[in-house]
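These protein sequence lines are chains G and W, in that order.
For the first sequence, the positions run 1 to 408 when the numbering used here is used.
For the second sequence, the positions run 1001 to 1241 when the numbering used here is used.
Just so it is clear, CB atoms sit at the ideal spot from N, CA and C, and this is done for glycine as well.
The structure appears below as structure tokens.
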Amino acid sequence: MRGKFVWHVTFKELLTTVRDVRSFRSAVMMPFILTPIFLLGFPALIAQTSGGEVVRRQTVGVTGLERIPAGLRGLLEAEGGVKLQAVTDPLIAVQSGVVDAALRVPANGLPVAAGEKTVQLEVLVKFSDQRASVVRDKLEGIIGAYSRKLVVKKLAGLGLSADTLEPLKAKAVNAETASETAGGLFAFLIPFLLLNAIIGSAATVATDSTAGEKERGSLEILLVSPITRLEVLLGKLGAVTLYALFGVLVQISAFVITTALSPLILGLFGANASSVAERLGGNLSLGFGGFAMLLLIGVSVAMMLSGLLIAVCLYARSFKEAQTYLIPVQLVSVFSSIGLQFGDFIQRSPALYSVPVIGSVIGILDLVKGKLGLEMLLVIVASNLIFAVLTAFLALRNFRSEQVLFRN
Amino acid sequence: MIEVSGLTKRFGDKVIAVQDLSFSAKAGEIYGLLGPNGAGKTTTLRMLATLLKPSSGSLKVAGYDVTTHPEDVRRNIGVVNGGMGLYDRLTGREILEYFAYFYGIGKIDAQKRIKQLEGALEMTDLLDRRSSEYSTGMKQKIVIARAVLHEPAVLILDEATNGLDVVARRAVLEFARAYRSKDRVVLFSTHIMAEAEELCERAAIIDHGRLVAQDSVANLKTQSSANNLEEAFFRLTRSVN
Ligand SMILES: Nc1ncnc2c1ncn2[C@@H]1O[C@H](COP(=O)(O)OP(=O)(O)OP(=O)(O)O)[C@@H](O)[C@H]1O
Ligand SMILES: [Mg+2]
């Protein structure tokens, strides 16, 4: 094996990649556009719309409107700010969307004082509709408040204070570390964006240097040169890995800049939304050591995926074909990142950290939240390197197979 | 220079692309490998060029066995086929330099050689433009220049004039003729008989992967009492079917 031949191939692949100005420019710019949108824009937008739903005046259908006690009606209209509307069939009214929710008042009316049997008031809403949960919370809250009011009145009559009801009360205090808070609910997007950057840039070089070479008809010229298949493969692997690494660095810069500019960007959304977004949004606040760890995981993932992408793309006869082959790889990355929303429920173990891709994604999430220990980092990196060797062997096998290269 | 004996190539269980093929080409000649579409020409040449492994039989190129010494073989051959393409985002010069490196040709020698080839192939002043701007003819000239950078003893041309206009086609044929010398051989594969007749002294005709005839072009014609090679080719391949 001649290192200078390997590097010669790597250099040429990188040169042709960078010279594709349009794709290079988008590789550099996309992270700087997508990162603030995902990490700040989405949370702010969600905060803004859910805030809007809270203040919106919802319409609530009522069967037996005349049977609602004045006290409850006052609370609903004044404090809840909902519009009450008489309906005959509350179920149909909700299902058809005429009203946001409905109340079914029982035939013998609602209590005006405590001390009798508990009466049930049905609140009809669509459970899976996220907007409906706002009006549901509102209605349940008001009904509860009305009920408490009756109890308090009853207690007062007996000479007891309202505190009698609740001698003990729980109070939740946020015990997150600073980096967990910074990580926020959207922190799962950080590994997603990073993985996306790795796959995106690796795929650019991998498709071009395999299926692209076949499609252009340059592969045969290369293979009849006095260079071994191993040298060609290592050269291409090197180029794919280095470019993926470049993608990692660009993405990390985008995180840093997004975090630095976040007050400015959130300022665009108004105070309420921006405070929610700040809580939800993933901010990357890592020290030098944290960045070094992130880079290590990124490099090892890039090496593992480079071999895999080359092995897969070698089967393709054209760019288009190669791109279809890559869809499953991309889907795995998307779904494993989405699954991470529930990352807190997943039991951590060395075995989990050594699962390719998923282990790294969880590791990055933990790192962002300041929870990744050095031993587990080593497990992740070692496992990735082992898989990198395996995928490189797979790629070499394909590269030596005439069925793969000269498929008819 | 080229010795093919008992060469067979199977793809899977069903396809036998080349079957028990034997022929030999000597230094100093332009040797034709002729056959209709699907005859097995490209498959044979790919085995010669170490790209495909023979299923059985032996193949020697420039004194080296193709299976046991593939890299020595590659150092001694140049390959051009009609479907070859270039790296769009490199200039012609960069492409030639890229490949020269693998033959251990130093920077200065490479420039000298490129200069020579620029003249021989009449590549004018296009060498420093991106190859995506080249005409089909210019592209093929780069492919040819790349194949002979290291002055190989064996030049393999597979449908090398495919898709070229009259002028470019002529340039390729002239180059092949000029390249042949007493210690070099040109293996010229085509299904265009006029080109073969113009260029080759001797030829092998193959069909369905098997050798139909191997002789001098003159003998092939008299043997089948034909006026030209196309007629001879037609009669010889039809008599087998
Ligand atoms: N990789 C492959 N897998 C299966 N069959 C193949 C493969 N390559 C070639 N063949 C088959 O082998 C036979 C010979 O093909 P080959 O390309 O060598 O012919 P050819 O003489 O070069 O034809 P043409 O004039 O069309 O270029 C054809 O029937 C072809 O379909
Ligand atoms: Mg062919």
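At least 8 Å separates the CB of Ala1194 (chain W) from every CB of chain G. Closest by C-alpha distance to Val1143 (chain W), out of W:Arg1184, W:Gly1092, W:Tyr1101, is W:Gly1092.
By alpha-carbon distance to Arg1146 (chain W), the top candidate from W:Ala1232, W:Ala1025, W:Thr1237, W:Phe1102 is W:Phe1102. Counting along the chain, Gly217 (chain G) sits inside no alpha helix (DSSP H), nor does DSSP assign it H or E at all.
Relative to ligand 2, Thr1042 (chain W) has its C-beta within less than 7 Å of a heavy atom.
For Val357 (chain G), no Cβ of chain W is located within less than 8 Å of the residue's own Cβ.
Taken from the Cβ of Glu1029 (chain W), every heavy atom of ligand 1 lies 7 Å or farther away. If only uninterrupted alpha helix (DSSP H) runs of at least 4 residues are considered, those enclosed by the stretch 1112 to 1158 of chain W are 1136 to 1147. Here the alpha carbon of Gly359 (chain G) sits roughly 7 Å from the alpha carbon of Ile380 (chain G). A direct Cα-Cα distance of roughly 30 Å separates Ser1131 (chain W) from Ser1181 (chain W). With contacts defined by Cβ atoms closer than 8 Å, Thr10 (chain G) and Gly238 (chain G) form a contacting pair. A contact is defined here as three or more CB-CB pairs under 8 Å, and the stretch 162 to 171 of chain G fails this definition with respect to the stretch 300 to 307 of chain G. Annotation: Lys1182 (chain W) is outside any beta strand (DSSP E) and is labelled neither H nor E by DSSP. The nearest non-hydrogen atom of ligand 1 is 7 Å or more from the C-beta of Arg317 (chain G). At least 8 Å separates the beta-carbon of Leu150 (chain G) from that of Thr164 (chain G). Under the 10 Å beta carbon count, Glu220 (chain G) is surrounded by 16 or more other beta carbons and is classified as buried. Considering only beta carbons, the part of the stretch 1095 to 1115 of chain W lying closer than 8 Å to chain G consists of Tyr1098, Phe1099, Tyr1101, Phe1102, Tyr1103, in chain order. Annotated three-state conformation of Ile1030 (chain W) is strand, per DSSP. Following the DSSP letters along the chain, one finds Val334 (chain G) inside the alpha helix (DSSP H) bounded by residues 319 to 339. Across the stretch 1055 to 1074 of chain W, CB contacts with chain G closer than 7 Å involve Glu1071, Arg1074, in sequence order along the chain.
Among the residues facing chain W, Val6 (chain G) is not included, as its CB has no counterpart in that chain under 8 Å away.
For Ile198 (chain G), the CB contacts under 7 Å within the same chain, skipping 5 residues up- and downstream, are Ala244, Gly247, Val248, Gly298, Val301, Ala302, Leu305 in chain order. In the three-state reduction of the DSSP assignment, Ala1049 (chain W) falls in the coil class, being assigned neither a helical nor a strand state.
Around Asp20 (chain G), the beta-carbon contacts reaching into chain W at under 8 Å are Arg1089.
DSSP, read as helix, strand or coil, puts Ala260 (chain G) in helix. Ligand 2 approaches Glu1159 (chain W) closely enough that one of its heavy atoms is under 7 Å from the residue's Cβ. Within the stretch 1180 to 1225 of chain W, the runs of alpha helix (DSSP H) at least 4 residues long that lie entirely inside it are, in chain order, 1193 to 1199, 1217 to 1223. At a cut-off of 8 Å between beta-carbon atoms, Lys12 (chain G) makes contact with chain W. Put simply, the stretch 223 to 230 of chain G does not touch the stretch 1081 to 1090 of chain W. Fewer than three CB pairs are less than 8 Å apart. Rounded to the nearest angstrom, the gap between the Cα atoms of Met1138 (chain W) and Ser333 (chain G) is 44 Å. Three or more Cβ pairs closer than 8 Å define a contact, and the stretch 1063 to 1077 of chain W falls short of that threshold against the stretch 1112 to 1132 of chain W.
Taken in chain order, the complete beta strand (DSSP E) segments of 3 residues or longer contained in the stretch 1041 to 1090 of chain W are 1056 to 1061, 1077 to 1081. For the options W:Ala1039, W:Tyr1031, W:Ser1024, W:Ile1002, the alpha carbon positioned closest to that of Val1015 (chain W) is the one of W:Ala1039. Excluding its 5 nearest sequence neighbours in each direction, Leu326 (chain G) has C-beta neighbours in its own chain below 6 Å: Ala203, listed in chain order.
A residue is called buried when at least 16 other Cβ atoms come within 10 angstroms of its Cβ; Asp1109 (chain W) does not meet this threshold and is exposed. Residue state for Thr59 (chain G) is assigned as strand, using DSSP reduced to three classes.
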